[in-house]
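Student: So in this note's numbering, spot 61 of the sequence shown is number 63, and the numbers just go up one at a time. Quick reminder that beta carbons are idealized off the backbone N, C-alpha and C, glycines included. Quick caveat, the model's predicted, so the values are computed rather than measured.
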Amino acid sequence: MRGKLLPLAGLYLVQGLPYGLQSGLLPVLLRAGGLSLTRVGLTKVLYAPWLFKLVWAPLVGTRGSPRAWLTLSTAALGLVCGLLAALPPAEGGQAELPVTVAGLLLLLNLGAAVQDVALDTLAMQLLEPAELGPGNTVQVVAYKLGSVLAGGGLLALVPTLSWPQLFVLLAATYWLAAALAWSTPALQQLPSPQPSELPPHTLHLLQDLLTVSGTLWTAGFVLTYKLVLPTGEQGASSLFPLLLLDRGLSAPELGLWNSVGAMACSIAGSSLGGALLSGHRKLLPLLRSVLQFRLGGLACQSTLLFYLDTPWARLDPGTVLRGAVLLSLCLQHFLGGLVTTATFTLMMCCSQLAPSALQATHYSLLATLELLGKLLLGTLAGALADSLGLHFCFSLFLALSAIPILYLSLAPRALA
């Protein structure tokens with residue numbers, strides 16, 4: 003198993019680079035280059051290719067091998083980074099991002115989205131059912147580390163490295179990863195789909211996907227837990243820090259706990275989830291237990307919030323209340339990492355039940371639903387808090403967070 007997990011770890015770490023690059027590094031570089039905050043914010047539109055993975059997922063699953071797709075897409079990302087190195091945004095307060103640079107960033111997202119489909123398909127073919135727990139732990143932890151390295155790590159090098167030097171470094175990293183994807187012995191043994199396995203390209207593809215055992219239930223779960231938990235998890239982990247800032251916690255201290263501390267706790271939670279699954283803990287009972295703990299953690303966090311809303315509450319240094327709110331913040335991220343690893347394992351278990359030629363598209367469908375669920379109500383959390391009031395809003399979040407626990411009782415036998 004080690005021969006499988008080590009190359010997957012390296013490839014998933016590289017897969018996390020684009021997210022960290024565009025969420026942490028590029029906004030700072032573009033702002034330093036003179037772009038307005040509005041223009042920097044509009045670069046989020048360049049994430050669009052991630053929402054259309056279902057368009058090319060059937061090609062990845064049925065034409066050529068996942069290893070070839072992975073190698074080519076990773077090498078293409080290196081090429082795009084090389085071109086970006088040759089086209090740094092001009093300094094001097096320009097009003098907008100150059101069209102050429104914007105086009106290359108769009109291609110970077112397109113290549114990363116294709117790479118995502120290919121690597122997930124490869125992982126499903128490579129891992130045995132008993133290896134899914136450790137495999138998904140590697141996926142989640144390595145991806146998070148890659149995003150941290152590309153965001154915070156490269157950002158720390160900005161004073162010493164210029165835009166061209168940073169992208170040359172990224173290009174070299176991608177080309178090394180492409181060589182790893184092509185030359186690793188464990189990946190060379192995977193079979194390519196045979197012509198007899200290829201599904202017909204008809205309008206019934208979605209119907210074929212939905213008829214795979216457990217798909218409808220899994221789709222409902224990834225939508226439900228992400229529709230609910232982002233308002234609890236990211237309502238709690240995006241709204242809650244802002245409320246702490248309003249109550250007097252300093253921005254540097256909050257940033258430390260909500261970035262470095264949160265990421266460390268999230269990685270620890272993901273690692274524990276993988277250890278429990280590799281220890282032959284059953285997946286659905288583990289999910290139920292973790293979601294129950296998360297519900298309890300959110301209840302404690304809501305209680306702290308209600309207390310902070312009273313006139314006599316103070317977040318002075320050294321107080322028990324200050325320690326309690328920071329501990330609550332870290333606990334939510336720890337449990338979030340645990341839930342994420344277990345949920346991605348569940349998604350991969352379900353996709354492995356599909357015919358091999360459909361597995362790439364099937365997993366992309368579930369991943370797209372997971373992303374939509376994460377974004378949908380999570381983006382409305384602030385508006386809900388403003389319109390409904392903090393007390394009612396967090397009470398609603400708490401009630402909604404019980405839904406995934408109840409939904410687990412409806413799981414089909416194929417996933418039990």
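Can you find at least 3 beta carbon pairs, one from the region 48 to 63 and one from the region 139 to 152, that sit closer than 8 Å?
Tutor: With the cut-off at 8 Å, the region 48 to 63 and the region 139 to 152 do not touch.
Student: Under the assumption that PHE336 contacts SER273 (Cβ atoms under 8 Å), give the Cβ distance between them as a whole number of angstroms.
Tutor: Rounded, the Cβ-Cβ distance is 10 Å, inconsistent with contact.
Student: Let me know the secondary structure DSSP gives LEU163 once reduced to three states.
Tutor: In the structure shown, LEU163 sits in coil (DSSP, three-state: anything other than H, G, I, E or B).
Student: Considering just the uninterrupted stretch of the alpha helix (DSSP H) at GLN354, what are its terminal residues?
Tutor: Where GLN354 is concerned, there is no enclosing alpha helix (DSSP H), given that its DSSP letter is neither H nor E.
Student: Considering PRO20, what are the terminal residues of the alpha helix (DSSP H) in which it resides?
Tutor: Start and end: 19 to 22.
Student: In angstroms, rounded to a whole number, what distance separates the CA positions of GLU199 and THR139?
Tutor: Because the pLDDT of GLU199 is 49, which lies under 50, any placement of that residue in the model is unreliable, and the question is left without a value.
Student: Candidates ALA115, TYR227, PRO100, CYS332: which alpha carbon is nearest GLY375's?
Tutor: Nearest option by C-alpha distance: TYR227.
Student: Would the beta-carbon of LEU286 fall within 7 Å of that of SER403?
Tutor: The answer is no: Cβ separation not under 7 Å.
Student: Got a sec? Which residues, its chain only, sit under 7 Å from GLY250 by beta carbon, not counting five neighbours each side?
Tutor: Only LEU317 meet the Cβ criterion.
Student: Are the CB atoms of LEU288 and ALA1 within a distance shorter than 7 Å?
Tutor: Since the displayed the chain opens at 3 and closes at 418, residue 1 lies outside it and no answer follows.
Student: Which term fits PRO51, buried or exposed, when burial requires 16 or more other beta carbons within 10 angstroms of its beta carbon?
Tutor: Classification of PRO51: buried, given that the 10 Å Cβ count is 16 or more.
Student: Is the number of C-beta pairs between the region 126 to 144 and the region 74 to 83 that are closer than 8 Å three or more?
Tutor: Segments in contact, no.
Student: With a cut-off of 8 Å, do at least 3 Cβ pairs link the region 301 to 318 to the region 177 to 188?
Tutor: These segments do not touch.
Student: Looking only at its chain, what residues have a beta carbon closer than 7 Å to the beta carbon of TYR49, apart from the 5 residues adjacent to it on each side?
Tutor: Contacts found: ASN111.
Student: Does the region 9 to 19 come close enough to the region 120 to 128 to have 3 or more Cβ pairs within less than 8 Å?
Tutor: At 8 Å Cβ cutoff, the stretches touch.
Student: Suppose the cutoff is 6 Å on Cβ atoms and the five residues either side in sequence are ignored; what does the same chain contact list for ASP122 look like?
Tutor: Correct list, in chain order: TYR365.
Student: Can you say whether GLY216 is buried or exposed, counting buried as having 16 or more other CB atoms within 10 angstroms of its CB?
Tutor: Classification for GLY216: buried.
Student: Please state whether the Cβ-Cβ distance between VAL103 and LEU89 is less than 7 Å.
Tutor: Contact flag set, yes.
Student: Taking all protein chains shown into account, do 16 or more other C-beta atoms lie within 10 angstroms of the C-beta of GLN167, making it buried, or fewer, making it exposed?
Tutor: Looking at its Cβ environment, which holds fewer than 16 other Cβ atoms inside 10 Å, GLN167 is exposed.
Student: When the distance is taken between beta carbons, is THR73 closer than 7 Å to TRP184?
Tutor: Yes, these two residues count as a Cβ contact at 7 Å.
Student: Go through its chain and collect everything with a Cβ distance to SER239's Cβ below 8 Å, but skip five positions before and after it.
Tutor: Interpretation of SER239 is limited by its pLDDT of 49, a score under 50 that renders its predicted location unreliable; the figure taken from the coordinates is listed afterwards. Excluding positions up to five away in sequence, the list reads ASN260, ALA264, LEU331, GLN334, HIS335, GLY338.
Student: Would you give the residue range spanned by the alpha helix (DSSP H) that PRO51 belongs to?
Tutor: From DSSP, PRO51 is part of no alpha helix (DSSP H); its letter is neither H nor E.
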